[in-house]
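As structure tokens, the structure follows; a few thoughts come after it.
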Ligand code: ZN
Ligand code: CU
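Residue numbers (this note's numbering): 11 to 496.
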């Protein structure tokens with residue numbers, strides 16, 4: 011007679027509903043974690059565990075991946091990553107919309123918009139992309155991060171005047187930086203073609219840099235030139251870049267902005283379907299009808315309502331409606347907006363039916379696009395993921411909970427090349443969110459935008475609990491993720 015060897019694990023999530031991130035239906039099972047990995051899933055009641063977490067009545071899912079963030083500097087400023095980890099997010103993709111903190115040394119007084127969304131001039135302190143990743147290795151955050159190289163950042167580093175296309179020499183200089191960044195482990199290259207430092211770049215300039223990204227195995231992520239009347243042309247350009255440079259593309263925060271474009275997501279999503287036949291195409295979306303970015307006078311007319319999120323010249327107006335401010339100042343809304351620059355704003359531009367159609371599209375990933383340094387931020391910063399789970403999946407039944415989880419875990423990890431993440435299986439990294447499917451919901455609103463979400467019980471990153479019952483543990487197990495490296 012031989013005795014069954016007693017296997018042990020560090021932490022056991024016992025008796026929860028396991029939603030594994032692939033889209034598969036939930037199963038009741040235990041999940042064992044040892045070191046930084048998941049070591050077993052199944053009936054593990056015999057297993058000796060260092061600690062047992064009672065997961066009965068809870069969902070145990072992969073930690074959520076926020077594929078669209080501007081958290082480049084939040085990783086240093088709030089290493090607990092509270093706006094994100096409080097939602098169950100365990101990995102953020104930074105460097106979206108053409109703006110990345112690295113590589114750039116800024117000598118000016120203030121970074122030009124929209125680079126000011128990430129911090130002040132002294133925050134732009136990394137000469138090489140790898141220096142930024144090394145700094146994060148030295149002072150890790152609670153969550154993991156993957157990295158995009160921003161085109162605006164590159165242009166400000168390589169060009170004396172960003173209001174024109176780059177010369178051949180400048181393209182060469184930027185290409186070298188991209189090559190080096192890809193070698194350091196960048197995930198890809200991003201543009202923000204609506205913004206001043208990036209706008210003047212012609213398609214050929216973008217293709218040249220996307221080609222270097224492609225050679226390094228990366229992806230192209232874009233805030234397109236136009237998300238309104240000319241969205242068709244912008245999709246043409248985006249698909250063309252993907253084809254010419256032969257790399258996967260991701261359209262950021264897909265939307266149809268402005269009243270005259272409401273309803274057009276039926277057409278745009280059909281275009282994604284067509285493109286999918288010939289190239290790799292992805293998109294991300296946030297679950298709100300309002301967007302947010304720097305104050306841009308030209309966006310004021312298109313918006314049904316504008317809320318100021320911060321202003322350097324008039325900080326007291328943060329959180330106020332632009333219409334009230336204009337009345338107070340005795341001028342038009344456009345003039346008031348111009349006076350508040352540099353600053354940020356929330357713009358109500360979209361139609362709920364479009365938001366729901368895009369969210370429900372089978373290939374859409376969830377990305378918050380939250381702006382962590384805004385004084386009165388858009389509520390998406392603190393609410394995106396629980397809102398998709400609680401409001402859209404549970405309450406509106408737009409999709410199943412399994413489908414909702416897939417769009418914020420497995421699908422995202424696959425499209426952004428995050429190795430061994432986004433799924434719960436034996437051998438995967440132990441990035442885990444345990445939540446109450448009955449109560450999970452966003453609590454942040456346009457009035458009170460920084461209220462943490464409800465129903466998120468335990469958040470684990472690389473095998474360590476970083477948050478439990480609404481409190482941070484102080485652990486900082488987050489890693490700077492290098493593309494395709496574990
Ligand atoms: Zn953007
Ligand atoms: Cu963005």
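Backbone N, C-alpha and C define an ideal beta-carbon position, used for all residues, glycine too.
Remember, it's a predicted structure, so these values are computed and weren't measured experimentally.
Under the three-pair Cβ rule at 8 Å, the stretch 331–344 does not count as touching the stretch 234–242. An exposed status is given to residue 435, since fewer than 16 other beta-carbon atoms sit within 10 Å of its beta-carbon. DSSP, read as helix, strand or coil, puts residue 62 in strand. About 13 Å separates the Cβ atoms of residue 391 and residue 301, ruling out a contact at the 8 Å cut-off.
Following the DSSP letters along the chain, one finds residue 426 in no alpha helix (DSSP H), marked with neither H nor E. With fewer than 16 other CB atoms across the displayed protein chains lying within 10 angstroms of its CB, residue 314 is exposed. In this structure, residue 76 has its beta carbon at no less than 7 Å from each heavy atom of the ligand CU.
Per the coordinates, the alpha-carbon of residue 61 lies some 13 Å from the alpha-carbon of residue 55. By the 16-neighbour rule on beta-carbons within 10 angstroms, residue 308 is exposed. Closer than 7 Å to some heavy atom of the ligand CU: that describes the Cβ of residue 106. For the options 28, 47, 125, the alpha carbon positioned closest to that of residue 19 is the one of 47. Look at residue 97 here: in three-state DSSP terms it is coil, with no helix or strand label. Beta-bridge annotation (DSSP): residue 233 is paired with 202. The C-alpha of residue 72 is placed about 6 Å away from the C-alpha of residue 31.
Ranking 466, 89, 475 by CA distance to the CA of residue 44 puts 475 first.
A direct Cα-to-Cα measurement between residue 316 and residue 357 gives close to 5 Å.
Note on geometry: alpha-carbon atoms of residue 200 and residue 422 lie some 16 Å from one another.
Just measuring C-alpha positions, the residue of 210, 378, 217 sitting nearest residue 182 is 217.
Counting C-beta pairs closer than 8 Å gives three or more between the stretch 185–202 and the stretch 95–115, which meets the contact rule. Inclusion of residue 98 and residue 74 in the CB contact set at 8 Å is warranted, their separation being smaller than that value. Taking a cut-off of 8 Å on C-beta distances, the stretch 143–159 touches the stretch 82–99, as three or more cross pairs fall below it. Put simply, the backbone Cα of residue 123 is about 7 Å away from that of residue 352. One thing to note: residue 428 has its Cβ no nearer than 8 Å to the Cβ of residue 414. Boundaries for residue 82: no beta strand (DSSP E) harbours it, and the DSSP string shows neither H nor E there.
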